[in-house]
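According to my numbering, the sequence shown is numbered sequentially starting from 150.
Here the structure is laid out as structure tokens; the discussion comes afterwards.
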Amino acid sequence: MAGMAGVAVPAAGLSDSAESDIQTGMNASHVSDSPESDIQGADVQGAGGQPLTRAQIHVGEPAGEPLLDAVDLVAGYIPGVNILNGASLTLHEGEIVGIIGPNGAGKSTLLKSLFGLVHIHSGKLLLKGEDITNLRADKLVSRGVGFVPQTENVFPSLTIAENMHMGAFQAPKLFDERFDYVCSIFPKLGQRKNQLAGQLSGGERQMVAMARALMMKPSVLLLDEPSAGLSPMLQDETFIRVRQVNKAGVSVVIVEQNPRRCLQICDRGYVLDQGRNAYSGKGRDLMNDPKVVSLYLGNLEEEVQEEGR
């Protein structure tokens, strides 16, 4: 069983993104010694293959201690096959940080490793300075980390209110207070609390999934491709909701298949390639970086359009 914002959900099969990450990891588990075969223009290696400083890895990072700090993570689903090969990420209070990259780059794997769903073989993960490396998902929920998976993220046979109860399972006595809190962000939830989640549109289900994760009032919310499978209009609604959550005081890490739209709402972004940091910077700076546009944004948009056909 895997955690759905701290709530147990079926995990009989891996998501499409996880399967893609595994296949890429198996194909690239032994990287060539030739620098030319590694990430083209990847900042993580630096000139001549020299390691970069923290400032170079986390371009545009605010001053002060990060709320969440992932350092040189090596992780994977299968023993001996690493999907992440030294990936790093920071999240500061009040930020939205995006993770983009080609299919199989390790985006969803990185997000799941932050929530204890993928084993970290080396590296460390800190939350407010505390080492939480490989801590169980339920323990992370109690420490203020929420997670919204890409699929199976609502209970369709339950009402909206019952879904919210599942999100507050660690603090049932606080349900009324927490439900009022999420309704202040998403007013429609209170108006339709008795409607079955299975009767909602894809965009509305994403709203319910985010709201349920917020029932424990997390300081960090991890979102795995919230716009996947949605129409352009519903994608826009979803990104607006992400901003609403952030404005309510929740720091967000978001993995996205829609790179430009993601970078538009993000304070900072990371580009992953083959489980490594390729580029990082402020969202709009990455959107306008010729190398990022040439190597990633164009190809990613073609992939998204192809999947939507």
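Cβ atoms here follow ideal geometry from the backbone N, Cα and C, with glycine treated the same way.
Nearest-angstrom beta carbon gap, residue j and residue i [assumed within contact, 8 Å]
i	j	result
valine 357	lysine 273	Not a contact, Cβ separation roughly 34 Å.
glycine 347	threonine 387	About 19 Å separates the two Cβ atoms, so there is no contact after all.
alanine 236	arginine 425	6 Å
proline 367	valine 294	6 Å
glutamate 374	glutamine 423	19 Å between Cβ atoms; not a contact.
tyrosine 428	valine 442	Actually they do not touch by this definition, with Cβ atoms about 11 Å apart.
CB of residue i within 8 Å of CB of residue j, strictly
i	j	result
leucine 233	leucine 217	no
glutamate 106	arginine 433	One cannot answer for residue 106 here, as it falls past the ends of the chain, which runs 150 to 458.
isoleucine 101	tyrosine 419	Only positions 150 to 458 of the chain appear in this structure, which leaves residue 101 out of reach.
leucine 240	serine 400	yes
methionine 365	alanine 310	no
phenylalanine 264	leucine 289	yes
valine 394	leucine 363	yes
valine 267	alanine 204	no
methionine 382	valine 297	no
valine 402	leucine 435	no
leucine 421	alanine 254	yes
isoleucine 245	isoleucine 414	yes
glycine 278	glutamate 214	yes
threonine 308	lysine 342	yes
Any C-beta of chain B under 8 Å from that of residue i
i	result
glutamine 319	Any reference to chain B falls outside this structure, which holds one protein chain only.
Identified DSSP bridge partners for residue i
i	result
tyrosine 428	Val420
glycine 295	Leu370
glycine 225	His268
alanine 219	Leu238, Leu274
valine 401	Ile245, Leu370
leucine 345	Thr308
message: Could you tell me which whole beta strand (DSSP E) segments of length 3 or greater appear in the segment 229-281?
response: 233-240, 245-249, 268-276
- prompt: Where in the segment 348-374 do unbroken runs of the beta strand (DSSP E), each at least 3 residues long, occur, reported from the N-terminal end onward?
  reply: 369-373
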